[in-house]
Amino acid sequence: MDNLVQYIISSLSLGGLYALMTLGLVVVYGILRLINFAYGELVMVAGYGLLLFGQTAMPWPLVALLSIAVAILVAVLMERVAFRPVRFGSASTMLITSFAVSTLLQNTTLLAISPRPQAVRLPAFFVESVTVGGLRLRVVDLASLAVSILALIVLSILLRRTIIGIALRAAADDFTMTRLLGVRANLIISVAFAVSGLLAGIVAIFWVGRSSLVEPAIGLQPVLIAFIASVVGGMENLKGAVLGGYLLGFLTVGLQTWLPQALLDYRNAILFGIVIVILLLRPEGLIRPAYSRERR
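Numbering (this note's numbering), first residue to last: 4 to 299.
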C-alpha cells in the first residue's frame, strides 16, 4: 500500500508538470496552428533567471517570481518579433521560424553565459523529505503537486470566467470568426504566448530543481514531452492536453518503478511503444474534438 501511494503521488507530481508543459504548447497551437518548438527555450530562460537572480541577495521566492516574469516577457517578445511577421505565411514557415528562434536563444545563452551546466541556488525543501506513517515523501514532489494543481485551477477559472479567457477559447475554436466578432487578434495571440511563458516559468522551477543544474539544452526534453503528451491527449482541446500530460507522467513513473532492472535501459523505447499503440487506436488523441476544422 505504501508503494502504491508513493507511486500515485510521484506520478501526479510529474504528470502535473507534464500537463503544464503540454498546456503551454497547446494554448498557442489552438490559435495559430503553430507547434512552437521554441517553447523549450522559455523553460531555459526561466532556468537561467533562477541562476542569475539567485546570485543576488534577493529572497528565493522573489527570484522564482522574477524568473517566471522573464519567461513571460521573452514569450511575448518571441511572438512580436519572430512570429507576428510570418503569421500569415504557411504552416511550414512558422514551424521553421520556431526552430530558428530555438537555435538563436540556445546559442545566445551558450555564448553569453556558458556551454557548461551551472549550479542553481535552491531552497532547502528541494532536498528535504517528510515521513507520514511508514511513507517517506519528498517535499519537492508535494510542492510540485500542489503548485501544478493550483495552476491548472487558476487557468481553468481564467479561461471560463474572464472575458479574455472566453476570447482565448473562442479563438482556439474559430480564430477567423472571433476576429470578425471584433476581438483584437494581436491581443489574443499575445495573451496566449504570455500564458505559455507563465506555464514554462512554473515548470522551469521544478524541472531545474530536479538536478539543481541549468544548461542551454535544458528545454529540449520538456518540449518533446509536451509535444508527445499533446498528440496523445489530443491537440484540439485543453482537456486532452491535461489528460495526455498526466497519462505520460503515470507511464514514466510506472516504468521507472516496476520495470525489471535488466529492462530499465529500454524504458524510453517501451514508453514510445505504448504511445504508438495509443495513437494507432486513437489517431486523433484520447479526447477527440467536438468537430473537425475541415467541416467549417
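Virtual Cβ for every residue (Gly too), placed ideally from N, Cα, C.
All figures in this text were calculated on a predicted structure; none of them were measured in a lab.
In the three-state DSSP reduction, T96 falls in the helix class (H, G or I).
One thing to note: L65 has its Cβ no nearer than 7 Å to the Cβ of V206. Under a 10 Å Cβ-count criterion, S16 is classified as buried, with 16 or more other Cβ atoms of the shown protein chains found around its own Cβ.
Secondary structure of Q109 (DSSP, three-state): helix.
V46 places its beta carbon less than 7 Å from that of A203. With 16 or more other Cβ atoms inside 10 Å of its own Cβ, E239 counts as buried.
Per DSSP, L138 is one residue of the beta strand (DSSP E) stretching across L138 to R141. Looking from the CA of Y51, the closest CA among L246, V211 and V226 belongs to V211. The way I'd put it, the segment 66-84 doesn't touch the segment 178-187; fewer than three beta-carbon pairs between them come closer than 8 Å.
Around the beta carbon of G236, 16 or more other beta carbons lie within 10 angstroms, which makes this residue buried.
In the three-state scheme derived from DSSP, where H, G and I count as helix and E and B as strand, S13 is classed as helix.
A contact is defined here as three or more CB-CB pairs under 8 Å, and the segment 100-115 meets this definition with respect to the segment 28-40. For V130, no alpha helix (DSSP H) run applies, since DSSP gives it neither H nor E. A distance of 7 Å or more separates the beta carbons of L274 and L289. A straight-line Cα-Cα distance of about 42 Å links L216 and V186. Judged by beta-carbon spacing, S199 lies beyond the 7 Å limit of A22, meaning their Cβ atoms are not closer than that value. Ranked by Cα distance from M61, the first of Y32, S147, R124 and M97 is R124.
Distance from the Cα of P219 is smallest, within the candidate group Q121, G247 and L171, for Q121. Cα atoms of P118 and A74: separation of roughly 20 Å, rounded to the nearest angstrom.
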